[in-house]
Amino acid sequence: MTSLLGNTATARFELPSTDSPWQVAFGAPSKLGRCLSPRTFLAFRVLLALFWTGITIWSMVDHKANDLETAPEFYIYLTNWSLLIEWFYLVSATFVTRMALRNPKRTALDGAPSKTPLFARITYAAQVETYVLSFFVFVLYWALVYDGGTIHALSVFTHGVNFLVALADCLVAGIPMRLVQFWLPFVISSTCVRVE
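For the sequence shown, the UniProt record's numbering gives the first residue as 1, with consecutive numbering after it.
Set out below in structure tokens:
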């Protein structure tokens, strides 16, 4: 049960095992993506980040182009928070993967395993939020918001493809996930549903 729920280190977004330092976790794909070389894995991450940057810009421009007075309202919707958190995660995951490949040293100067740096821990936390929020946005939009009318391309990208991008990243990311990490994004998403 402890391995399923994690431990205190996991709750602080430290990688749970000292046998697998952050460079290994972020610099190599999962067993499912083992056919990818480290450079191909980095290229995959770059492509996801660039793709999602384009979708984020498109969504912001579309929202502002529709009504300049309501442009600040962009930030009140769970969809748009999910969009921005996913963008932040994909860009930072690309950066951390690059850093892990650039500096494969797995030990500190004294020979002890190197600690997970702050930027990697922040990326680790954003990963969990991305997975949970994209799933919530996907399910809630199509189950509760969509009224059967015209389907716009941007809605498909921000309420469906967002989850597919997160799922693709989840399948190839070599970062361990624990069930205990999902409770906070779940509570935040549930609260947003009640407010909206």
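Yeah, the Cβ is synthetic: ideal placement off N, Cα and C, and Gly gets one too.
Please read these numbers as outputs of a predicted model, since none were measured by experiment.
Exposure label - Trp87; buried when at least 16 CB within 10 Å
Residue 87 sits at position 87 when you count from the first residue of the sequence shown. Buried, because 16 or more other Cβ atoms sit within 10 Å of the Cβ of Trp87.
What's the C-alpha gap between Phe182 and Trp22?
The residue labelled residue 182 in the question sits at position 182 within the sequence shown. The residue labelled residue 22 in the question sits at position 22 within the sequence shown. Phe182 and Trp22 have their C-alpha atoms spaced approximately 20 Å apart.
List the endpoints of the continuous alpha helix (DSSP H) containing Leu118.
By 1-based counting over the sequence shown, the position of residue 118 is 118. For Leu118, the enclosing alpha helix (DSSP H) has its first and last residue at Leu118 to Leu140.
Per DSSP, cross-strand counterpart(s) of Val173
Numbered from 1 along the sequence shown, position 173 holds the residue referred to as residue 173. Val is not the amino acid found at residue 173; the sequence shown has Ala there. Among the bridge pairs identified by DSSP, Ala173 is matched with Pro29.
Report the option in Val145, Phe135, Leu118 and Pro185 whose CA atom is closest to the CA atom of Val161.
Reading the sequence shown from its first residue, position 161 is the one you call residue 161. The residue among Val145, Phe135, Leu118 and Pro185 with its C-alpha nearest the C-alpha of Val161 is Phe135.
How far does the alpha helix (DSSP H) with Arg98 in it extend, from its first residue to its last?
The residue given as residue 98 occupies position 98 in the sequence shown. For Arg98, the enclosing alpha helix (DSSP H) covers residues Leu78 to Arg102.
Reference Leu184, options His152, Ala126 and Cys170, closest by Cα:
As a first step, residue 184 is located in the sequence shown; it is residue number 184 there, counting from the start. Checked all of His152, Ala126 and Cys170; the closest Cα to Leu184 is Ala126.
Return the first residue and the last residue of the alpha helix (DSSP H) that Ala143 is part of.
Locating residue 143 in the sequence shown gives position 143, counting from the first residue. Boundaries for Ala143: no alpha helix (DSSP H) harbours it, and the DSSP string shows neither H nor E there.
Could you check if Arg45 is buried or exposed, using at least 16 other CB atoms within 10 Å of its CB as the buried criterion?
Taking the sequence shown and counting its residues from 1, one reaches residue 45 at position 45. Using a 10 angstroms sphere on the CB of Arg45, the tally of other CB atoms reaches 16 or more, which defines it as buried.
Grab me the residues of Leu90's own chain with a C-beta within less than 6 Å of its C-beta, minus the 5 sequence neighbours each way, in chain order.
Numbered from its first residue, the sequence shown carries residue 90 at position 90. Within the same chain, Leu90 has close Cβ partners Leu48, Ala49 and Trp52.
Looking at the structure shown, is residue 231 part of a helix, part of a strand, or coil, going by DSSP?
Outside the displayed span of the chain (1 to 196) sits residue 231, for which this structure offers no information.
Can you tell me which of the three DSSP states Ser37 falls into?
Within the sequence shown, residue 37 is the residue found at index 37, counting from 1. Note: Ser37 maps to coil in three-state DSSP.
Quick check: what's the CA-CA separation for Tyr146 versus Leu140?
Along the sequence shown, read from residue 1 onward, the residue named residue 146 stands at position 146. Along the sequence shown, read from residue 1 onward, the residue named residue 140 stands at position 140. C-alpha of Tyr146 to C-alpha of Leu140: approximately 9 Å in a straight line.
Whose CA, out of Leu118, Ile85 and Arg34, lies closest to the CA of Val137?
For the purposes of this step, residue 137 is taken as residue 137 along the sequence shown, with counting starting at 1. The residue from Leu118, Ile85 and Arg34 with its alpha-carbon nearest to that of Val137 is Ile85.
Under a three-way DSSP split, which group does Arg178 fall into?
Reading the sequence shown from its first residue, position 178 is the one you call residue 178. Looking at Arg178 - three-state DSSP - the assignment turns out to be coil, as it is neither helix nor strand.
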